[in-house]
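Heads up: the sequence shown at position 467 corresponds to 467 in my numbering, and the numbers run straight through without jumps. Each residue gets a CB set at the ideal place from its N, CA and C atoms; glycine is no exception. Working notes, structure below.
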Amino acid sequence: MAIERGANVSEAQIAVHWKEEEYLRPTPKFVGQANLVDPAVRDRFKEEHFPECFREYAELLTWDRYWHTTLDTSTPPFWKWFVGGRLNACYNCVDRHLAKYKNKAALIFVAEPGDEPIYTVTYQELFTRVNEVAAVLRDFCGLRRGDRVTIHMPMIPELPITMLACARLGIIHSVVFGGFSGEAAGLRAADSRSRVMIYADGYHRNGKIVDHKPSADIAVENAEKESHKVEKVLVWRRYPGQYLSATSMVAGRDYFMDEVLSDFKRAKVDPVSMDAEDPLFLMYTSGTTGKPKGCQHRTGGYLAYVTGTSKYYQDIHPEDVYWCMADIGWITGHSYIVYGPLALGGTSVLYEGVPTYPDAGRPWRIAEQLDVNIFHTSPTAIRMLRKTGPDEPKKYNYHFKHMTTVGEPIEPEAWRWYHEIVGKRAAVIVDTWWQTENGGFLCTTIPALDPMKPGSAGPGALGIYPVIYDEEGKELPAGSGRAGNICIRNPWPGIMQTIWGGPDRFVNQYYRKYCRNPQSTDWRDWPYFAADGAVLPSDGYFRILGRVDDVINVAGHRLGTKELESACLTVSEVAEAAVVPVVDEIRGRMPVVYVSMKPGVSDEKRVIGEIITTLETMIGKIARPKAVYIVPDLPKTRSGKIMRRVLAALSNSMDTGDVTTLANPDVVELIRREVQGEEPVVLKEGPEDVKQFGANE
Ligand code: WTA
1 MAIERGANVS EAQIAVHWKE EEYLRPTPKF VGQANLVDPA VRDRFKEEHF
51 PECFREYAEL LTWDRYWHTT LDTSTPPFWK WFVGGRLNAC YNCVDRHLAK
101 YKNKAALIFV AEPGDEPIYT VTYQELFTRV NEVAAVLRDF CGLRRGDRVT
151 IHMPMIPELP ITMLACARLG IIHSVVFGGF SGEAAGLRAA DSRSRVMIYA
201 DGYHRNGKIV DHKPSADIAV ENAEKESHKV EKVLVWRRYP GQYLSATSMV
251 AGRDYFMDEV LSDFKRAKVD PVSMDAEDPL FLMYTSGTTG KPKGCQHRTG
301 GYLAYVTGTS KYYQDIHPED VYWCMADIGW ITGHSYIVYG PLALGGTSVL
351 YEGVPTYPDA GRPWRIAEQL DVNIFHTSPT AIRMLRKTGP DEPKKYNYHF
401 KHMTTVGEPI EPEAWRWYHE IVGKRAAVIV DTWWQTENGG FLCTTIPALD
451 PMKPGSAGPG ALGIYPVIYD EEGKELPAGS GRAGNICIRN PWPGIMQTIW
501 GGPDRFVNQY YRKYCRNPQS TDWRDWPYFA ADGAVLPSDG YFRILGRVDD
551 VINVAGHRLG TKELESACLT VSEVAEAAVV PVVDEIRGRM PVVYVSMKPG
601 VSDEKRVIGE IITTLETMIG KIARPKAVYI VPDLPKTRSG KIMRRVLAAL
651 SNSMDTGDVT TLANPDVVEL IRREVQGEEP VVLKEGPEDV KQFGANE
């Protein structure tokens, strides 16, 4: 099952290959109530009905004007979906539910402190609040359709409210995960040229209040370094009227939202009718180069895709209580906390804090109290809750009908705990494989129709035709036993439009590798390269092995090794740096840093400390490495290329292969002794720094 081995190492190469598992079937009770029980759906979404099959998703939305062309392939790979159609995403998630559901919960907010009351936002209240915020954005900030706004906020209801207010006006939101640093947010604000940034003053996390406002000051300063001026910073106060931050507000730049809003009480703002192809949002993610890329998602296709998949795969009905424990700052939160569930008139739970605060029973108490029946989380959270409270779920009287896992491969052992203990053998599980670039699920089982198989994502989702290619572009058939690169043969409505400001990067990253004919306007010549390794047994269930590029998936968060290495190199004592993935029991993978020093540096401990601080400030606490090693030299080829795969092999106790051809073979033995012999500088880690999908500060 070897994957190509070059100088670099990828996650897929260090994947653990578990054995094939038996199938499990959904209970008749689940099937009896499921949204999708008609087996003919597979035929409706067959290739011969592509792309018109996706009308079935688009028809779940309310359009101002119907589209004339479902898929336009005239400028590949810049596909256009539902061309000619007009709609507003906010209208679809809010206004259109008022007639039937105005008093129904849209969002249920659970604060981390247990004594704070639950805040239920009905559709009527959501409508009022979104309108008021939209009025602020339009009339106070002067923002218009097509402008960008960077939102750097924690998990509080004002986050989706602000996003929907942007969508109402056609303002392109760019949400940066709250746990990222101010530096990271500033860089993204500069890249998207956001004149306005939106913050919260602070939030609760693991029993403490995090002062978040300082990140705003850093972000604005950092954007300035990139020659970009942020004109206004709007600050939501976690408790209106009470400022949680120690930093001062900057006159003429910073404004408290609660104060500004007092001038816009009960303001109404008409939703702006947008072209289906107008961008809805940007979501930055790490890629192979140092700079994060802004994945640009379209309005019509994206919304149709997340609504359809939320209905068929998440099985959301308006009467369900659905809780996705991801952070809205990631794509999962955008698609499956905000846009998908709300477009269906669902009830979506928002939890502010860490799952293990104050103990590992918290998620199950919340589930019991709110009567949650659909639950959605990541393997990292599952592993962590299992480790810290394996029997906790049994103590609580909740009943999940459906559970999702997303973000990383899940090992069968963790899957079974999820099924037996968390799901009490009653909940159906979907293991959903997809990416920030994709908008929604790519591989998963249909919960009422397909059997589940622990450790496998499953077949392609409806209308998605995956394939595994080897390096030469030859298809590896099902049952070949060989691992290769998973690709999607066709476009789909949820695929990103482009990389913001980087159309060439978009083509090069995702389409160059397997494009059959750059002149062709036939989509069949343009397979999408996902940069994940996978195997396909004869049953057609894809098993994802992990990234094949320079991305490390830490607790479901993507970190680019190049980005981490560049950060290390800003420490003045560091001569060279290499970052590789290492298997971690809880987080799946973590980065390990290898550095060599410039001559004459003696205080290694201090430098290690500085490297860690630099990674945390330039990227965020999730970039905290599992270990930092200072080595005399990094293993290199004769042409001077750093052999990351040798380092990864050492870190993961794997065979380094033949190293005799290296320029400096002796250094491998020295490093081996350091890595496998002594205690490395292992940093404090534990459940307390794992938030929702992972570490966050
Ligand atoms: C990995 C998250 C195995 C994969 C939605 C992908 C998975 C990366 C799964 C995207 C899964 C996601 N099984 N691996 N069910 N889901 N991945 O962009 O390596 O944050 O490329 O999107 O996570 O991460 P991203």
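Open item on the list: Quick check: what's the CA-CA separation for H173 versus F281?
Closed with: Working through the sequence shown from its first residue, we reach residue 173 at position 173. Working through the sequence shown from its first residue, we reach residue 281 at position 281. Near 5 Å, if we compare the C-alpha coordinates of F281 and H173.
For this session: Would you list the one or two residues that DSSP bridges to I198?
Result: Walking along the sequence shown from the start, residue 198 turns up at place 198. Answer by DSSP bridge pairing, in chain order: I151, L234.
Mind checking whether I488 and Y465 have CB atoms under 8 Å apart?
The residue given as residue 488 occupies position 488 in the sequence shown. The residue given as residue 465 occupies position 465 in the sequence shown. Yes; because the gap between Cβ atoms is below 8 Å, this pair is in contact.
- [ ] Give the range of the beta strand (DSSP E) segment to which W81 is assigned.
- [x] As a first step, residue 81 must be located in the sequence shown, where it is residue number 81. Per DSSP, W81 belongs to the beta strand (DSSP E) from 80 to 83.
Quick check on DSSP: helix, strand or coil for G32? Numbered from 1 along the sequence shown, position 32 holds the residue referred to as residue 32. Of the three classes helix, strand and coil, the one that applies to G32 here is helix, per DSSP.
Review point. Start and end of the alpha helix (DSSP H) containing V667?
Key: Taking the first residue of the sequence shown as 1, we reach residue 667 at position 667. For V667, the enclosing alpha helix (DSSP H) covers residues 666 to 672.
Discussion item. Does the stretch 145 to 154 come into contact with the stretch 178 to 195, if we say contact requires no fewer than three beta-carbon pairs (one atom in each stretch) closer than 8 Å?
Written reply: yes
Next item on the list: Ignore the nearest five residues each way along the sequence and tell me which others in E20's own chain have a CB closer than 7 Å to its CB.
Entry: In the sequence shown, counting from the first residue as 1, residue 20 sits at position 20. For E20, where only same-chain residues beyond five positions count, the Cβ hits under 7 Å are P537.
Would you say F177 reaches chain B, if we count a Cβ-Cβ gap shorter than 8 Å as a contact? Among the chains in the structure shown there is no chain B, since it carries only a single protein chain.
(Q) Quick check for students: name the residue ranges of the alpha helix (DSSP H) that lie wholly in the stretch 472 to 529, counting only runs of 4 or more. (A) 503 to 510
Legend entry - Alpha-carbon to alpha-carbon, F45 and Y57: The residue given as residue 57 occupies position 57 in the sequence shown. The residue given as residue 45 occupies position 45 in the sequence shown. Taking the straight line from one Cα to the other gives about 11 Å.
Cutoff 8 Å; reference Q676; Cβ partners in own chain excluding five residues on either side
Here residue 676 is taken as the residue at index 676 of the sequence shown, counted from 1. Taken in chain order, the residues that qualify are L650, S653.
query: If we call anything under 8 Å between Cβ atoms a contact, is N222 one with E259?
result: Along the sequence shown, one-based indexing puts residue 222 at 222. Along the sequence shown, one-based indexing puts residue 259 at 259. For N222 and E259, no; Cβs fall outside 8 Å.
Quick one: Cα of A461 to Cα of A40, how far?
-> For the purposes of this step, residue 461 is identified with residue 461 of the sequence shown, where counting begins at 1. For the purposes of this step, residue 40 is identified with residue 40 of the sequence shown, where counting begins at 1. Between A461 and A40, the C-alpha separation is close to 14 Å.
Integer-rounded CB distance, given that P635 should sit under 8 Å from V667
For the purposes of this step, residue 667 is identified with residue 667 of the sequence shown, where counting begins at 1. For the purposes of this step, residue 635 is identified with residue 635 of the sequence shown, where counting begins at 1. About 6 Å separates the beta carbon of V667 from that of P635, a gap short enough to meet the 8 Å contact definition.
### Message
For a test of the three-state rule: what should DSSP assign to C93, helix, strand or coil?
### Response
Residue numbering aside, residue 93 sits at position 93 when the sequence shown is read from its first letter. Three-state DSSP puts C93 in a helix.
**Item:** For A105: DSSP bridge partner residues
**Value:** The count along the sequence shown starts at 1 and reaches residue 105 at position 105. DSSP, once it has assigned bridges, lists T122 as partnering A105.
Rounded to the nearest angstrom, what separates H516 and W523 at their Cα positions?
Counting from 1 along the sequence shown, the entry for residue 516 is found at position 516. Counting from 1 along the sequence shown, the entry for residue 523 is found at position 523. Going by the sequence as given, residue 516 is Arg instead of His. C-alpha separation (whole angstroms): 10 Å.
Inter-residue Cα distance where the pair is T498 and G340
On the sequence shown, residue 498 is found 498 positions in, with the first residue counted as 1. On the sequence shown, residue 340 is found 340 positions in, with the first residue counted as 1. Going from the Cα of T498 to the Cα of G340 covers about 21 Å.
Determine, using beta-carbon pairs with one atom in the stretch 360 to 378 and one in the stretch 123 to 142, whether at least three such pairs fall under 8 Å. no
> Bridge partners of E576, per DSSP?
Replying inline: The residue labelled residue 576 in the question sits at position 576 within the sequence shown. Note: E576 sits in a beta bridge opposite S596.
message = Between A246 and the ligand WTA, is there a pair consisting of the residue's CB and a ligand heavy atom that are separated by less than 7 Å?
response = What you label residue 246 is simply residue 246 of the sequence shown in a count that begins at 1. No, the ligand WTA has no heavy atom inside 7 Å of this Cβ.
request  = Determine the contact status of F542 and S480, defining contact as a CB-CB distance below 8 Å.
outcome  = If you number the sequence shown from 1, residue 542 lands on position 542. If you number the sequence shown from 1, residue 480 lands on position 480. Not in contact: F542 and S480 (Cβ atoms no closer than 8 Å).
Is the stretch 376 to 388 in contact with the stretch 574 to 586, if contact means three or more CB pairs nearer than 8 Å? Counting Cβ pairs under 8 Å, three or more are found: they touch.
- Query: N92 and T122: beta carbons closer than 8 Å?
  - Reply: Within the sequence shown, residue 92 is the residue found at index 92, counting from 1. Within the sequence shown, residue 122 is the residue found at index 122, counting from 1. Cβ atoms of N92 and T122: not closer than 8 Å.
The ligand WTA and W526: does any heavy atom of the ligand fall closer than 7 Å to the residue's C-beta? Position 526 of the sequence shown, counted from the start, is the residue given in the question as residue 526. No; taking the cut-off as 7 Å, the Cβ of W526 has no heavy atom of the ligand WTA nearer than that.
Worksheet item: What are the boundary residues of the beta strand (DSSP E) that C295 is part of?
Response: Translated into positions along the sequence shown, residue 295 becomes position 295. Counting along the chain, the beta strand (DSSP E) containing C295 begins and ends at 293 to 298.
- Cα-Cα separation, D275 to K102: The residue given as residue 275 occupies position 275 in the sequence shown. The residue given as residue 102 occupies position 102 in the sequence shown. Taking the straight line from one Cα to the other gives about 27 Å.
Let me make sure I understand the geometry here. Which of R644, Q296, V133, P363 has the alpha-carbon closest to that of M257? Here residue 257 is taken as the residue at index 257 of the sequence shown, counted from 1. Checking every option, the nearest Cα to that of M257 belongs to V133.
* Simplified DSSP state of E697, which is helix, strand or coil -> What you label residue 697 is simply residue 697 of the sequence shown in a count that begins at 1. Because the pLDDT at E697 is just 26, under 50, the model does not fix this residue reliably, and the value given afterwards should be weighed accordingly. Three-state result, E697: coil.
TODO: Using beta-carbon positions only, say whether T247 and D217 come within less than 8 Å of one another.
DONE: Start at 1 with the first residue of the sequence shown, and residue 247 comes out as number 247. Start at 1 with the first residue of the sequence shown, and residue 217 comes out as number 217. In this structure, D217 lies closer than 8 Å to T247 by Cβ.
Review point. With which residues is I544 paired in a DSSP beta bridge?
Key: One-based indexing of the sequence shown puts residue 544 at position 544. Looking at the DSSP assignment, I544 forms a beta bridge with A534.
By Cβ distance, which residues of its chain are closer than 8 Å to P503, with the 5 residues on each side in sequence left out?
For this step, residue 503 is matched to residue 503 along the sequence shown. Excluding sequence neighbours, P503 sits near F78.
* To do: Note down the Cα distance separating I642 from A427, rounded to an integer number of angstroms.
  => Counting from 1 along the sequence shown, the entry for residue 642 is found at position 642. Counting from 1 along the sequence shown, the entry for residue 427 is found at position 427. Approximately 47 Å, taken between the alpha carbons.
*asked:* Measuring only the C-alpha atoms, how far is R645 from S10?
replied: One-based indexing of the sequence shown puts residue 645 at position 645. One-based indexing of the sequence shown puts residue 10 at position 10. When only Cα atoms are considered, R645 and S10 end up about 8 Å apart.
Under 8 Å between the Cβ atoms of A185 and S215?
If you number the sequence shown from 1, residue 185 lands on position 185. If you number the sequence shown from 1, residue 215 lands on position 215. In contact: A185 and S215 (Cβ atoms closer than 8 Å).
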